[in-house]
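Below is one structure; the comments refer to it alone.
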Amino acid sequence: MNLNTKLLALAAALTLALPSKAQAEGKIRVAEQFGVVYLLLNVAQDQKLIEKHGRKQGIDVDVDWVKLSGGAVVNDALLSGSIDVAGAGVGPLMTIWDRTKGRQNVRGIASLGSFPYYLVSTNPAVKTIADFSAKDRIALPAVTVSVQARILQMAAAKQWGVAGFKKLDPLTQTVPHPDAAAALIAGKTELNGHFAAPPFQQLELAGNPNAHVVLDSYQVLGGPSSATVLYATEKYVKDNPKTYRALIDALAEAAQYIAANPEGAADAYLRVNKGSVDRALLLKVIKDPKTQFSVAPQNTLGLAQFLHQVGAIKNKPASWRDYFFAHPAIANGS
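Counting with our numbering, you get residues 1 to 334 for the letters of the sequence shown.
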């Protein structure tokens with residue numbers, strides 16, 4: 001082996017030994033879950049808005065859309081490097097922000113809007129959360145970690161005191177929204193409760209005469225709140241500034257599109273999700289005055305500080321800015 005060949009072999013070996021970035025600029029893997037709360041992403045996917053805004057930044061963006069269920073699964077995917085941007089509730093965001101503080105430094109990128117989440121029951125005896133008994137079962141996208149689970153704990157703390165915040169946890173089960181909705185509508189399984197998200201909660205209320213709302217998330221959180229958000233590691237945001245900007249700009253355009261054209265947004269949802277949701281019901285959900293599509297987070301700090309109060313997270317956020325990356329598009333958040 002001559003000297004040049006040896007040098008080339010050494011260079012190749014050193015290259016292999018160097019740590020590589022998970023993704024190069026211009027590549028983004030986005031995890032979403034089920035429901036209208038992900039409509040901003042659905043519109044961005046349907047109209048290829050991230051790709052559009054990437055070209056404005058001078059790059060071609062390759063977008064990979066990943067469908068997952070439950071905040072725990074989404075957080076595991078983000079930390080394992082399987083995805084770049086996570087879509088989940090504020091509960092999972094706070095969990096991963098707390099655990100990665102000083103290391104991967106995961107923080108929020110943007111809100112996906114503010115939506116009322118309904119705790120639906122088909123048990124006629126259950127009028128409030130105080131009426132649940134050991135015979136009831138409540139479906140959640142992820143036990144303990146999901147934003148529904150955390151809001152239920154917050155409601156329990158208000159009902160029975162902070163020490164009783166876990167009182168309803170034994171009744172909860174991890175079930176994807178579509179499966180839980182099908183179970184409640186059919187009424188043939190042990191599941192008789194579901195802390196849901198639109199449009200699944202509306203499907204349940206329309207599909208089972210016994211279905212009724214026991215709890216509205218806005219009641220617990222004191223008004224409209226961005227329960228579902230996007231978040232990423234500090235490294236991804238810093239290493240991919242153009243792709244990151246393309247994502248934020250795409251979400252902002254999607255929000256404008258939904259406000260101006262809810263019918264087109266409903267069609268985009270149906271195309272992307274390939275579902276059989278009634279279009280009229282879907283439009284009703286999108287046009288609901290209680291629903292707001294905005295990239296700036298709204299009213300998230302109360303839940304975050306509650307999680308610190310009960311010991312679910314170690315770090316106490318003083319402001320929503322502690323767990324969101326700074327960006328002009330979300331500057332008026334809360």
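For glycine and all other residues, C-beta sits at the position ideal for the given N, C-alpha and C.
Small disclaimer: the values here were computed from a predicted structure and weren't measured.
In the stretch 127-174, which residue ranges form an unbroken alpha helix (DSSP H) of at least 4 residues, counting only runs that do not cross its ends? 147-160
So Ala206 packs on His194, CB below 8 angstroms; how close in whole Å?
As a first step, residue 206 must be located in the sequence shown, where it is residue number 206. As a first step, residue 194 must be located in the sequence shown, where it is residue number 194. Rounded, the Cβ-Cβ distance is 14 angstroms, inconsistent with contact.
What's the C-alpha gap between Ala339 and Lys27? Nothing can be reported for residue 339: it is not among the residues displayed for the chain, which extend from 1 to 334.
Closer than 6 angstroms by C-beta to Ala268: which residues in its own chain qualify, once you throw out the five before and the five after it? Chain order, please. Here residue 268 refers to the residue found at position 268 of the sequence shown. These residues qualify, in order along the chain: Asn42, Val43 and Asp46.
Inter-residue Cα distance where the pair is Ala139 and Lys52:
Looking up residue 139 in the sequence shown gives position 139. Looking up residue 52 in the sequence shown gives position 52. If you take the alpha carbons of Ala139 and Lys52, they lie about 38 angstroms apart.
Exercise for review: Classify Ile28 as helix, strand or coil using the three-state DSSP reduction.
Suggested key: The sequence position of residue 28 within the sequence shown is 28, counting from 1. It is a strand residue.
Note down, one range per segment and in chain order, each alpha helix (DSSP H) of at least 4 residues found wholly within the stretch 162-232.
177-186, 200-207 and 217-221
| said: Can you list, in chain order, the residues of its chain with a C-beta nearer than 7 angstroms to that of Pro176? Leave out the 5 residues immediately preceding and following it. | reply: Counting from one through the sequence shown, the residue named residue 176 turns up at place 176. If we look at Pro176 and ignore the five residues flanking it on each side, its Cβ neighbours are Phe34, Ser69 and Pro141.
Candidates Leu191, Pro199, Ala197 and Trp97, of which the one nearest Ala134 by Cα: Counted from its first residue, the sequence shown places residue 134 at position 134. Ranking the options by Cα distance to Ala134, first place goes to Leu191.
Exercise. If you count every other CB in all the chains shown that lies within 10 Å of the CB of Asn210, and 16 or more means buried, which is it?
Worked result: As a working note, residue 210 is residue 210 in the sequence shown. Result: exposed.
- Could you tell me which residues DSSP puts in a beta bridge with Trp65? Stepping through the sequence shown from its first residue, residue 65 is reached at position 65. Answer is Val30, bridged to Trp65.
Handout entry: Limits of the alpha helix (DSSP H) - the one that Val73 falls within
Key = Against the sequence shown, residue 73 aligns to sequence position 73. Unbroken alpha helix (DSSP H) run through Val73: Gly71 to Ser80.
- Item | Cα-Cα separation between Gln23 and Val214, rounded to whole angstroms | As a first step, residue 23 is located in the sequence shown; it is residue number 23 there, counting from the start. As a first step, residue 214 is located in the sequence shown; it is residue number 214 there, counting from the start. In this prediction, Gln23 scores a pLDDT of 47, lower than 50, which makes its location untrustworthy; no coordinate-derived value is stated.
Q.
Can you tell me where the beta strand (DSSP E) holding Arg103 begins and where it ends?
A. Within the sequence shown, the letter at position 103 stands for residue 103. Taken as a continuous stretch (DSSP letters only), Arg103 belongs to no beta strand (DSSP E), as it is neither H nor E.
Among Phe132, Gln298 and Pro262, nearest to Ala227 - alpha-carbon criterion:
Residue mapping note: residue 227 aligns to position 227 of the sequence shown, counting from 1. Selected option, being the one with the closest Cα: Gln298.
So what does Gly89 bridge to, in DSSP terms? Taking the sequence shown and counting its residues from 1, the one referred to as residue 89 is at position 89. Looking at the DSSP assignment, Gly89 forms a beta bridge with Thr228.
Practice prompt. Return helix, strand or coil for Ala312, following the three-state DSSP convention.
Written response: On the sequence shown, residue 312 is found 312 positions in, with the first residue counted as 1. Ala312: coil per DSSP, three-state reduction.
Given 8 angstroms, three or more beta-carbon pairs between the stretch 231-238 and the stretch 121-128
no
task = Report the three-state DSSP secondary structure of Gln298 (helix, strand or coil).
result = The residue given as residue 298 occupies position 298 in the sequence shown. Here Gln298 sits in coil by DSSP.
query: Are Ile258 and Ala329 closer than 7 angstroms when you measure CB to CB?
result: Position 258 of the sequence shown, counted from the start, is the residue given in the question as residue 258. Position 329 of the sequence shown, counted from the start, is the residue given in the question as residue 329. No.
Quiz item: What is the C-beta distance between Ala157 and Val310, in whole angstroms, given that I count them as a contact (C-beta under 8 angstroms)?
Solution: The residue given as residue 157 occupies position 157 in the sequence shown. The residue given as residue 310 occupies position 310 in the sequence shown. So it is a contact: roughly 7 angstroms between Cβ atoms.
Review point. How would you write the range of the alpha helix (DSSP H) that Leu251 sits in, first residue to last?
Key: Position 251 of the sequence shown, counting from 1, holds the residue named residue 251. From DSSP, the alpha helix (DSSP H) with Leu251 extends over Pro241 to Ala260.
Can you name the start and end residues of the alpha helix (DSSP H) that Leu39 belongs to?
In the sequence shown, residue 39 corresponds to position 39, counting from 1. Looking at the DSSP string, the run of the alpha helix (DSSP H) that includes Leu39 is Leu39 to Asp46.
Output yes or no for whether 7 angstroms exceeds the beta carbon distance between Ala250 and Ile50.
Position 250 of the sequence shown, counted from the first residue, corresponds to residue 250. Position 50 of the sequence shown, counted from the first residue, corresponds to residue 50. A contact, by the Cβ cut-off of 7 angstroms.
- Task: With DSSP as the reference, label Tyr117 as helix, strand or coil.
- Result: For this step, residue 117 is matched to residue 117 along the sequence shown. Correct three-state label for Tyr117: coil.
On a CA-only basis, which of Ala326, Leu40 and Asp136 is nearest Pro241? Give me that one, please. One-based indexing of the sequence shown puts residue 241 at position 241. Selected option, being the one with the closest Cα: Ala326.
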